[in-house]
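Here's the structure we're looking at; comments come further down.
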Amino acid sequence: MSHIQVNAIEKSFADTKVLQGVQLDIRGGEFLTLVGPSGCGKSTLLRIIAGLERQTSGDVVIAGRNVNGVRASERDLAMVFQSYALYPHLTVRDNMMTPLRLRDLSKAQRTPLVGRYLPGSKKKLAGIRETVEETADILKIRELLARKPGQLSGGQRQRAALGRAMVRRPVAFLMDEPLSNLDAALRVHMRAELTDLHRRLQATFVYVTHDQAEALTMSSRVAVMMDGRILQLDTPMAVYADPVSRRVAEFIGSPKINILPGRLDSAGRVTVLGHSMARRITDAAAQSVSVGIRPEHLIDVPTDSDAAEYVGVVRRLEHLGSDLYIHASLSDGQEMLIIRSDPDAAARYSYGDPITIAQVKGAALIFDDKGDRLRTAPKKESAGDDALEVA
Amino acid sequence: MAPRSTGYWFTAPALTLMAIILLLPVLIAAGLSFTDYSLGNQSANWVGAENYEKIVSRSTYQKMFTASIIYVLVVVPVSVVLGLGAALLINSLSFGGDLYKTIFFLPVMAALLAMAIVWEFALHNSVGIVNEMFQAGCGTIIEWVFNWGWIPFVDGSQTWYGRNCASQEFPLWLRDRNYALATICFIGIWQAFGFNMVLYLAGLTSIPRELLQAAEMDGAKSAWERFRLVIWPMLGPTTVFVVTITSIRSFQVFDTIEALTQGGPSKSTYVMMYAIYEKAIQQNLMGIGAAITIVFLGFVLVITFMQRYLVERRVHYS
Ligand SMILES: Nc1ncnc2c1ncn2[C@@H]1O[C@H](COP(=O)(O)OP(=O)(O)OP(=O)(O)O)[C@@H](O)[C@H]1O
Ligand SMILES: [Mg+2]
């Protein structure tokens, strides 16, 4: 368990700059997830931390030691690859024994055929065997130890790869989309298992994914990456509820956050489709802004309700069992809104029906024309902060 | 439902062609091997196993087997190891790899008959570049190095180079029965290893990069560790193929022999293919030629079956 610092890492391939000054402080024992769209440089950053790729500039510091000149095999990190990269000719047991063999046995003891008869070999091998079996017990793959990777299912292979990474008790675990080859049900299951494993090992995990559900459910902290930069590094809840920019808000959350065009006047008042918002923006010039509202902050209300803010037409109903998402086009025909509702609402609406929508007060996120977040002033009226109010 | 025989009718043309083109010649050869047939004769006499008895008993054919087997046992391991080594070295180059690939592959592409003329000149005992080179080295530092006299307990004047320099006589590479087969083997290796290298290069590119990186993460620091842990096992299928192909090609060696030694001197390079050619074509002894052919096919079959049943199962992992 150890703390990893990534300082001003830049990386260029030929003339494309893939990482542009990444700054990251990974605390010992935390589960940090790097999440971002495809091609944003997550894998590249992870491989630089691992030592499999060299950065163009910047430093990687592991447990206080600058490892820029240290090769991957000497950084004492373990990596779980997307393809698992198990040695296909070795049994699961031999796969898991390999890192320990390479670390604990001397060169002479590793010689094929004769090595195992050298003094000391037997004892060390017995120790290695024992460690492997303990690890196999934790991962519940003991009965698979004698099989070769070709004879395992995807989930079993994933576990074997985890086992090979775990036996050595490395400084940190680096994982590059380890669940992306599994089917949906198994993915959800392995998510829980990885979280458990992290709790049990108390080790540092650096986890790369482009799946925000994985990022939000497993991590202690999430780093949202785009175009070779880390846009936000915070707890999953903070990244979701308090994004620093429009791009983060749009990337995190499913279904996507609703974005409506708005106008900020010099008094700090934001107007959206003719309604002005309750909260004011402090210190920002008058400009056009984007207003982001998450689907769960929109509520369908009776047509005659006082709270009604937007009027639209139902275009699609998305029934997920526990939730119902209503896609509605607003009356100006341009904007689409997604509203989360309870499944009972399905009885009330069908395609083409009119719908009136209210918004939970104070939940809107305002972004300036460059996409940066504009903070609202603390609300004056303290009462009924999260209640529905007239706009 | 179509009648059950329909399937047979559909496969019949292919099966017939296969029988006529592939199986029939072998069967005819097998039949001929029990006769004393000569081309042009009206008829032939059934001689039973006489041809095979000759192959087993006569010293000419024992020399034939010795030459063929030595050739295969030398050329196959050496050209496979050299091919693998060259492929690994070229693969580790960051640039210039293509140039080396082309150069090493040249002998494979060149017509061996044409190259044989070059070798004939190069190995000529008075005007050949090989012997001239050895001669020129005598009395210089080259002799000092290569007569191995600098190694403790080695008498430089008694080693191969030392003695030849002293007598100012270098071997007749292709006319001396002590050297002819070795020289032919050398040319065989020169030609085969480029081919093996190309096969190994293809094998190397198919090794997943992540596997090598996993080995690095697991602590395989030296190139040797990575070779043992990943590269060699992953090249298993390639190696089986390379060894089989090189063995069969080595059993079939003919053009170098025909161009350079004609099986001599004293039958020291009298390999199977050349024997078949000499008996069946030159001397028109079809019966014995066919018998050698059948024995030859037997060898090739054995190699193929060994590949199929002994090795192939162990090198495919999925
Ligand atoms: N060896 C390379 N040579 C040139 N460009 C590369 C190389 N490796 C990666 N890139 C480029 O760097 C960028 C980032 O790649 P990277 O693999 O880090 O993306 P990623 O965030 O992991 O994406 P994904 O989620 O699809 O795995 C991509 O645009 C890719 O094309
Ligand atoms: Mg990636």
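Heads up: the sequence lines are chains D and L, in that order. The number in our numbering is simply the position in the first sequence, starting from 1, with 811 added. The number in our numbering is simply the position in the second sequence, starting from 1, with 3 added. Built from N, CA and C at the ideal position, the CB exists for glycine as well.
Are there any heavy atoms of ligand 3 lying less than 7 Å away from the beta-carbon of S854(D), as far as the coordinates show?
You won't find ligand 3 in this model; what it holds is ligand 1 and ligand 2.
Sequence-distant residues of the same chain with beta carbon closer than 7 Å to G290(L), five excluded per side
Result list for G290(L): L35, S36, T38, D39, Y40, V50 and N54, in chain order.
Apart from the five residues on each side of it in sequence, which residues of its chain come closer than 7 Å, Cβ to Cβ, to M275(L)?
M67, S71, F254, I295 and F299
Examine the Cβ distances between the region 964 to 979 of chain D and the region 835 to 849 of chain D and report whether three or more of them are shorter than 8 Å.
For the pair of segments examined, the region 964 to 979 of chain D was found not to touch the region 835 to 849 of chain D: the number of CB pairs separated by less than 8 Å stays below three.
For Q171(L), three-class secondary structure by DSSP
coil
The beta strand (DSSP E) enclosing V872(D), as first and last residue numbers:
S868 to I873
For G142(L), I'd like the list of residues in its chain whose CB is within less than 8 Å of its CB, leaving aside the five on either flank, ordered along the chain.
Sequence-distant partners of G142(L) (beyond 5 residues in either direction) whose C-beta falls short of 8 Å from its own C-beta, in its chain, are C168.
Can you pull the chain L neighbours of T855(D), defined as C-beta to C-beta under 7 Å?
Those within 7 Å of T855(D) in chain L number zero; the least Cβ separation is about 13 Å.
Own chain, CB closer than 6 Å to S1219(D), minus 5 neighbours either side, in chain order:
Since the first residue shown for chain D is 812 and the last is 1202, residue 1219(D) is missing from the structure and cannot be characterised.
Around the Cβ of Q1023(D), are there at least 16 other Cβ atoms within 10 angstroms (buried) or fewer (exposed)?
buried
Sequence ranges, beta strand (DSSP E) only - wholly within the region 971 to 1019 of chain D, length at least 3
983 to 987
Heavy atom of ligand 1 within 7 Å of H1021(D) beta-carbon
yes
Looking only at C-alpha atoms, which of L92(L), P155(L) and M200(L) sits nearest to V245(L)?
M200(L)
In angstroms with no decimal places, state the Cα-to-Cα distance between E1192(D) and S894(D).
Its pLDDT being 48, under 50, E1192(D) is placed unreliably by the model, and the measurement read from it follows with that caveat. In a straight line, the C-alpha of E1192(D) is about 55 Å away from that of S894(D).
When every heavy atom of ligand 2 is checked, does at least one fall within less than 7 Å of the C-beta of D1038(D)?
no
Three-state secondary structure (DSSP) at Y55(L)?
In the structure shown, Y55(L) sits in a helix (DSSP, three-state: H, G or I).
Is E988(D) near ligand 2, going by C-beta to nearest heavy atom under 7 Å?
yes
Ligand 1 heavy atoms versus the CB of G832(D): any closer than 7 Å?
no
Any non-hydrogen atom of ligand 1 within 7 Å of F1062(D) CB:
no
Sheet register partners of S1056(D) (DSSP bridge)
D1183(D)
Could one say the Cβ of S884(D) lies closer than 8 Å to chain L's Cβ atoms, at least one of them?
yes
Chain D partners of A223(L), CB-CB under 7 Å?
Correct list: S884 and L913.
In terms of alpha-carbon separation, which member of S250(L), K270(L), S97(L) and R231(L) lies closest to R61(L)?
K270(L)
Spell out a yes or no on whether the region 903 to 919 of chain D and the region 928 to 939 of chain D are touching, meaning 3 or more CB-CB pairs, one atom from each, closer than 8 Å.
yes
Under a Cβ-count criterion, where at least 16 other Cβ atoms within 10 Å of its own Cβ denotes burial, should H1108(D) be classed as buried or exposed?
buried
Tell me which residues share the same chain as V303(L) and place their Cβ nearer than 8 Å to its Cβ, disregarding the 5 neighbours each side in the sequence.
Taking V303(L) as the centre and dropping the five residues before and after it, the same chain places the C-beta of I251 and F254 closer than 8 Å to its C-beta, in chain order.
Under a three-way DSSP split, which group does H900(D) fall into?
coil
Grab the span of the alpha helix (DSSP H) containing E885(D) for me, first residue to last.
Note, E885(D): premise wrong, no alpha helix (DSSP H); not H, not E.
Just the C-alpha distance for G197(L) and S225(L), rounded to the nearest angstrom, thanks.
27 Å
What residue does the beta strand (DSSP E) around L1141(D) start on, and which one ends it?
L1135 to L1141
Counted within 10 angstroms of its Cβ, other Cβ atoms place Q1170(D) as buried (16 or more) or exposed
Its Cβ being crowded by 16 or more others within 10 Å, Q1170(D) is buried.
May I ask whether a heavy atom of ligand 1 can be found less than 7 Å away from the beta carbon of G869(D)?
no
Beta-carbon of L1263(D) versus every beta-carbon of chain L: anything under 8 Å?
One cannot answer for residue 1263(D) here, as it falls past the ends of chain D, which runs 812 to 1202.
In chain order, what are the residue ranges of uninterrupted alpha helix (DSSP H) at least 4 long that sit wholly in the region 34 to 120 of chain L?
53 to 60, 62 to 95 and 100 to 112
Listed by chain order, chain D residues near L313(L) by CB distance under 9 Å
Residues of chain D passing the Cβ test: none, with the nearest at roughly 17 Å.
Using three-state DSSP, classify E821(D) as helix, strand or coil.
Secondary structure at E821(D): strand, using DSSP grouped into helix, strand and coil.
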